[in-house]
Amino acid sequence: MTRLAEIQAHLDSIGELRNIIGAMRSLAGMRLQETQHSLPAVRRYAEAVAAALASTLPLMREPMTERALESAPRAVILCFSEHGFVGGFNERLADAAERALSPQDLLFVLGTRGATLLAGRGRRIAWSRPMATRVAGAPETVRRVTSELYMRIARGEISRVEAMFARRLEGGAPTIEQRLLLPLDLTLLAAKQPRYPPLHNLNPIRLHEMLMAEHVFALLSEAAVESMASENAARFAAMGSAHDNVSKKLDQLRQAEREARQNEITTELLDLITGASAQGQGQGEEIDRR
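Each residue of the sequence shown is one higher than the last, beginning at 29 in the working numbering.
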């Protein structure tokens with residue numbers, strides 16, 4: 029195969045790669061818009077549940093405090109990406125978790141990539157599950173992790189539950205947020221507490237427990253959607269950089285193709301000239317012999 033043919037074959041394969049990268053970037057952009065569109069509603073839902081939970085505090089004689097299961101370890105829920113091509117998204121979260129975790133913490137990992145990453149770093153994982161890739165899949169993922177949490181809390185294995193996830197900031201780099209889920213942040217809820225206790229038909233303790241479970245579900249749902257938004261923003265940026273790099277490579281190959289084609293043309297012309305010169309010289313020698 030000539031150099032020109034090799035370059036043209038390389039051009040075709042790189043062009044296909046750029047098309048694939050462009051499609052992945054478009055998909056990441058659509059998923060990012062989807063999560064951004066859903067986030068305001070998810071946040072309002074979490075705020076509404078927090079306000080409802082705060083209204084039950086006056087009904088409780090002894091609200092849950094941080095001393096309830098003081099001897100049990102802490103559970104930390106980490107929200108990683110399920111798929112790749114996200115740049116340093118997972119590494120940043122893993123690094124932040126390494127700084128915040130203690131050896132006895134129980135790790136609940138959402139995201140296959142994160143579970144693999146932490147296992148490679150020698151971290152023991154108590155529970156893991158694939159991370160939702162669409163907003164519609166977030167509730168089921170959150171239900172599974174909360175079911176596991178409540179089962180372990182009932183057995184006295186966990187004293188405190190926190191979540192760590194990436195939050196995307198408009199016009200800035202994403203930040204890693206650490207959020208307390210259980211026990212309740214009474215200081216934060218007290219600010220939302222109404223002046224008078226609400227009218228209710230359910231048993232106050234039962235009502236409080238139901239709203240507390242809904243509060244944890246709402247906070248975790250918000251964390252999952254925030255993580256998905258940040259993940260897709262990271263993938264969109266990574267695919268944008270890859271698209272630019274491949275485009276530059278294509279420009280270089282096109283320039284090399286033009287040079288190779290010109291070299292072939294020049295070589296063909298030289299061959300023609302050399303052949304014609306040799307033929308003319310041969311005819312001259314034949315005439316001399318005659």
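For glycine and all other residues, C-beta sits at the position ideal for the given N, C-alpha and C.
1) Would methionine 52 and methionine 267 be called neighbours here (beta carbons separated by less than 8 Å)?
2) Which runs of the beta strand (DSSP E) fall wholly inside the region 148 to 230 and span at least 3 residues, in chain order?
3) With the cut-off set at 8 Å, would you say alanine 262 and glutamine 206 are in Cβ contact?
4) Can you have a look at alanine 96 and say buried or exposed, based on whether 16 or more other CB atoms are within 10 angstroms of its CB?
5) Would you mind reading off the limits of the beta strand (DSSP E) that contains alanine 79?
6) Shortest alpha-carbon distance to glutamate 343 belongs to which of Ala33, Gln64, Gln132?
7) Taking only the alpha-carbon atoms, compute the straight-line gap between phenylalanine 117 and glutamate 44 and give it to the nearest angstrom.
8) In the DSSP output, what is leucine 129 paired with across the bridge?
9) Can you tell me whether glutamine 206 sits near the ligand NAP, meaning its C-beta is under 7 Å from at least one heavy atom of the ligand?
10) Am I right that glutamate 110 and threonine 140 are in contact with their C-beta atoms under 8 Å? What's the rounded C-beta distance?
11) By DSSP, does valine 104 sit in helix, in strand, or in coil?
12) Cutting at 7 Å between CB atoms, please list the residues of its own chain near threonine 93, excluding the five before and the five after it.
13) Hey, would you say leucine 217 sits closer than 8 Å to alanine 78, going by beta carbons?
14) Considering only residues of the same chain and omitting the five flanking positions on each side of valine 170, which have a CB-CB separation below 8 Å?
15) Give the straight-line distance between the Cα atoms of leucine 121 and arginine 151, rounded to the nearest whole angstrom.
16) Would you tell me roughly how many angstroms separate the C-alpha atoms of isoleucine 301 and glycine 57, rounded to the nearest one?
17) What residue from Leu138, Arg286, Ser83, Ala37 has the CA that sits closest to glutamine 221's CA?
18) Can you name the start and end residues of the beta strand (DSSP E) that valine 136 belongs to?
19) Indicate the three-state DSSP secondary structure (helix, strand or coil) for glycine 115 in the structure shown.
20) Determine the closest residue to aspartate 133 out of Ala103, Glu237, Ile49, Ile42, with distance taken between C-alpha atoms.
21) Compute the distance between the beta-carbons of glycine 115 and alanine 288, then report whether it is under 8 Å.
22) Within 10 angstroms of its Cβ, does serine 239 collect 16 or more other Cβ (buried), or is it exposed?
23) Which of the three DSSP states, helix, strand or coil, is assigned to serine 109?
24) Give the single residue among Arg46, Leu135, Pro202 whose Cα lies nearest to the Cα of aspartate 279.
25) Nearest to arginine 196 by alpha carbon, out of Ala270, Ile233, Ala284, Ser258?
26) Taking Cβ positions, are proline 319 and serine 187 nearer each other than 8 Å?
Working from what's here:
1) yes
2) Here the runs fully enclosed are 155 to 157, 188 to 195, 203 to 210.
3) Contact annotation: alanine 262 and glutamine 206 have beta-carbon atoms that are not nearer than 8 Å.
4) Summary for alanine 96: the model assigns pLDDT 44, below 50, so the residue's position carries little reliability, and this model does not support an answer.
5) For alanine 79, there is no enclosing beta strand (DSSP E); the residue is part of the alpha helix (DSSP H) that begins and ends at 31 to 84.
6) The structure shown does not extend to residue 343, since the chain is modelled only from 29 through 318, so no value can be given for it.
7) 26 Å
8) Under DSSP, leucine 129 shares a beta bridge with no residue.
9) Only the bare structure without any ligand can be found here, which leaves the ligand NAP out of the picture.
10) 6 Å
11) In the three-state reduction of the DSSP assignment, valine 104 falls in the strand class.
12) Note that threonine 93 scores a pLDDT of 45, beneath 50, so its modelled location is shaky and nothing firm can be said.
13) yes
14) Residues Phe245, Leu248, Ser249, Ala252 of the same chain have their beta carbon placed closer than 8 Å to that of valine 170, with the five preceding and five following residues left out of the count.
15) 14 Å
16) 57 Å
17) Ser83
18) A small fix is needed here, since residue 136 is phenylalanine in this sequence, not valine. Phenylalanine 136 -> beta strand (DSSP E) spans 134 to 138.
19) coil
20) Ala103
21) In this structure, glycine 115 lies away from alanine 288, with their beta-carbon atoms at least 8 Å apart.
22) For the sequence presented, residue 239 should be read as leucine rather than serine. The residue in question, leucine 239, is buried, as its Cβ has 16 or more Cβ neighbours within 10 Å.
23) coil
24) Among Arg46, Leu135, Pro202, the Cα nearest to that of aspartate 279 is on Arg46.
25) Ser258
26) The shown model of the chain, from 29 to 318, leaves out residue 319, and the question about it has no answer.
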